[in-house]
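Residue numbers (the numbering used here): 2 to 261.
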């Protein structure tokens, strides 16, 4: 059975949005060949990953947290993981929980396997091209942290550990029980630690176990006592479906510190 979440043909969109920017920073300016008129990189790359990583770092600074243990739920291809580990060399242990086996396997190759790696991109509706990304520098930036990858849905039973920094981006509206995930995220964050969550509010209410979980403001998940708000913003997020068609979302990002 194919991956329940990410089909093989959709990998190009994830690579483009998350990693093309890094490939360009490595000095590879090979243009993306397309079946029709070429499009600029600005149409392909999503600034979300860079900007949300800056948001996470700012929240940690505001909360005076220098994390040594990191948890990310739904890392996809690991761009935010990479940016976070690059910013925080004191992170000794990281846990990545990703229910998509296809996404997680490629995430592991990017973050944990030094060498050259074929980078797929969208050449046409049903066509894929490839560029080669050097993962040596990426893996080197992550090697100070022992990374544990878990291919499973996330709930209160997935992990028994707690992290100083917990991150869950654009996952809540893609699952059956957002409240279960939120409760588990809170449980998995240490006292004094930082929790950063984002949501595009693209709720599929027919898939929700409880329609009331589909809040219109994720700050509502933190209305109970025990959490201090650090920051709140909106960041654009998007990805391509074919060479000249993409979807663009506005992702609402919040950061909180757990009282201790």
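Quick reminder that beta carbons are idealized off the backbone N, C-alpha and C, glycines included.
Item to complete: Out of 108, 73, 221 and 128, point me to the one whose CA is closest to residue 140's CA.
Response: What you label residue 140 is simply residue 139 of the chain shown in a count that begins at 1. Closest option to residue 140, Cα to Cα, is 108.
Worksheet item: Thinking C-alpha only, which one of 250, 192 and 209 is nearest residue 226?
Response: Along the chain shown, read from residue 1 onward, the residue named residue 226 stands at position 225. Closest by alpha carbon: 192.
Discussion item. Only counting the same chain, and skipping five residues up and downstream in sequence, which positions put a Cβ closer than 8 Å to that of residue 239?
Written reply: Here residue 239 refers to the residue found at position 238 of the chain shown. For residue 239, where only same-chain residues beyond five positions count, the Cβ hits under 8 Å are 18, 47, 49, 247, 248, 249 and 250.
Discussion item. Are the CB atoms of residue 148 and residue 104 within a distance shorter than 8 Å?
Written reply: Counting from 1 along the chain shown, the entry for residue 104 is found at position 103. Counting from 1 along the chain shown, the entry for residue 148 is found at position 147. For residue 104 and residue 148, no; Cβs fall outside 8 Å.
Worksheet item: CA-CA distance, residue 62 and residue 153?
Response: Here the question's residue 62 lines up with position 61 in the chain shown. Here the question's residue 153 lines up with position 152 in the chain shown. Taking the straight line from one Cα to the other gives about 31 Å.
Discussion item. Helix, strand or coil, according to DSSP, for residue 145 in the structure here?
Written reply: In the chain shown, counting from the first residue as 1, residue 145 sits at position 144. Residue state, collapsed to three classes: coil.
Discussion item. By the three-class DSSP mapping on this structure, what secondary structure does residue 92 have?
Written reply: What you label residue 92 is simply residue 91 of the chain shown in a count that begins at 1. Correct three-state label for residue 92: coil.
Worksheet item: Applying the criterion that 16 or more other CB atoms from any shown protein chain within 10 Å of the CB defines a buried residue, is residue 241 buried or exposed?
Response: Position 240 of the chain shown, counted from the start, is the residue given in the question as residue 241. Classification for residue 241: buried.
Fill in: Boundaries of the beta strand (DSSP E) in which residue 117 is found, first to last residue
For the purposes of this step, residue 117 is taken as residue 116 along the chain shown, with counting starting at 1. Where residue 117 is concerned, the enclosing beta strand (DSSP E) stretches over 117-125.
Worksheet item: Which partner residues does residue 164 have in the DSSP bridge list?
Response: On the chain shown, residue 164 is found 163 positions in, with the first residue counted as 1. Paired residue(s): 190.
Item to complete: Can you tell me which of the three DSSP states residue 178 falls into?
Response: The residue given as residue 178 occupies position 177 in the chain shown. Residue 178: coil per DSSP, three-state reduction.
Practice prompt. Compare the Cα-Cα distances from residue 182 to each of 256, 261, 98 and 258 and report the closest residue.
Written response: On the chain shown, residue 182 is found 181 positions in, with the first residue counted as 1. Among 256, 261, 98 and 258, the Cα nearest to that of residue 182 is on 98.
Worksheet item: Can you name the residues that DSSP bridges to residue 239?
Response: The count along the chain shown starts at 1 and reaches residue 239 at position 238. 249, per the DSSP bridge assignment.
Discussion item. I'd like to check one pair, residue 136 with residue 116: are the Cβ atoms closer than 8 Å?
Written reply: Sequence index remark: in the chain shown, residue 116 carries index 115 (1-based). Sequence index remark: in the chain shown, residue 136 carries index 135 (1-based). Contact: yes.
Worksheet entry | CA-to-CA distance, residue 176 to residue 8, given in whole angstroms | Counting from one through the chain shown, the residue named residue 8 turns up at place 7. Counting from one through the chain shown, the residue named residue 176 turns up at place 175. Cα to Cα, the separation comes out at about 17 Å.
Worksheet item: Can you tell me whether DSSP reads residue 15 as helix, strand or coil?
Response: For this step, residue 15 is matched to residue 14 along the chain shown. Three-state result, residue 15: helix.
Worksheet item: Taking the continuous alpha helix (DSSP H) assigned at residue 50, which residues delimit it?
Response: Position 49 of the chain shown holds residue 50. Per DSSP, residue 50 belongs to the alpha helix (DSSP H) from 49-64.
Worksheet entry | Continuous beta strand (DSSP E) stretch holding residue 131: start and end | As a working note, residue 131 is residue 130 in the chain shown. 128-135 is the extent of the beta strand (DSSP E) around residue 131.
Worksheet item: Do three or more CB pairs link the segment 165-174 to the segment 51-69 at distances below 8 Å?
Response: In short, these stretches touch, since the Cβ pair count reaches three.
Worksheet item: Considering only C-alpha positions, which residue in the set 88, 79 and 90 is nearest to residue 106?
Response: In the chain shown, counting from the first residue as 1, residue 106 sits at position 105. Per the Cα distances, 79.
Worksheet item: So who's on the other strand from residue 73, going by DSSP bridges?
Response: Residue mapping note: residue 73 aligns to position 72 of the chain shown, counting from 1. Looking at the DSSP assignment, residue 73 forms a beta bridge with 97 and 168.
Worksheet item: Using the rule of at least 16 other Cβ atoms within 10 Å of the residue's Cβ for burial, across every protein chain shown, is residue 258 buried or exposed?
Response: Locating residue 258 in the chain shown gives position 257, where the first residue counts as 1. The residue in question, residue 258, is buried, as its Cβ has 16 or more Cβ neighbours within 10 Å.
Discussion item. Using only the alpha-carbon positions, how far apart do residue 11 and residue 145 sit?
Written reply: Indexing the chain shown from 1 puts residue 11 at position 10. Indexing the chain shown from 1 puts residue 145 at position 144. One C-alpha to the other measures close to 31 Å.
Worksheet item: Which word fits residue 252, buried or exposed, when buried means at least 16 other C-beta atoms lie within 10 angstroms of its C-beta?
Response: Counting from one through the chain shown, the residue named residue 252 turns up at place 251. Buried, since its Cβ has 16 or more Cβ neighbours within 10 Å.
Fill in: 8 Å Cβ cutoff met for residue 232 and residue 261
The sequence position of residue 232 within the chain shown is 231, counting from 1. The sequence position of residue 261 within the chain shown is 260, counting from 1. No, these two residues do not count as a Cβ contact at 8 Å.
Worksheet item: What first and last residue would you give for the alpha helix (DSSP H) that runs through residue 102?
Response: As a first step, residue 102 is located in the chain shown; it is residue number 101 there, counting from the start. It spans 102-113 - the alpha helix (DSSP H) in which residue 102 sits, taken as one unbroken run.
Worksheet item: Are residue 142 and residue 83 touching if we call contact CB-CB under 8 Å?
Response: Counted from its first residue, the chain shown places residue 142 at position 141. Counted from its first residue, the chain shown places residue 83 at position 82. Yes, the pair counts as a contact, with Cβ atoms nearer than the cut-off.
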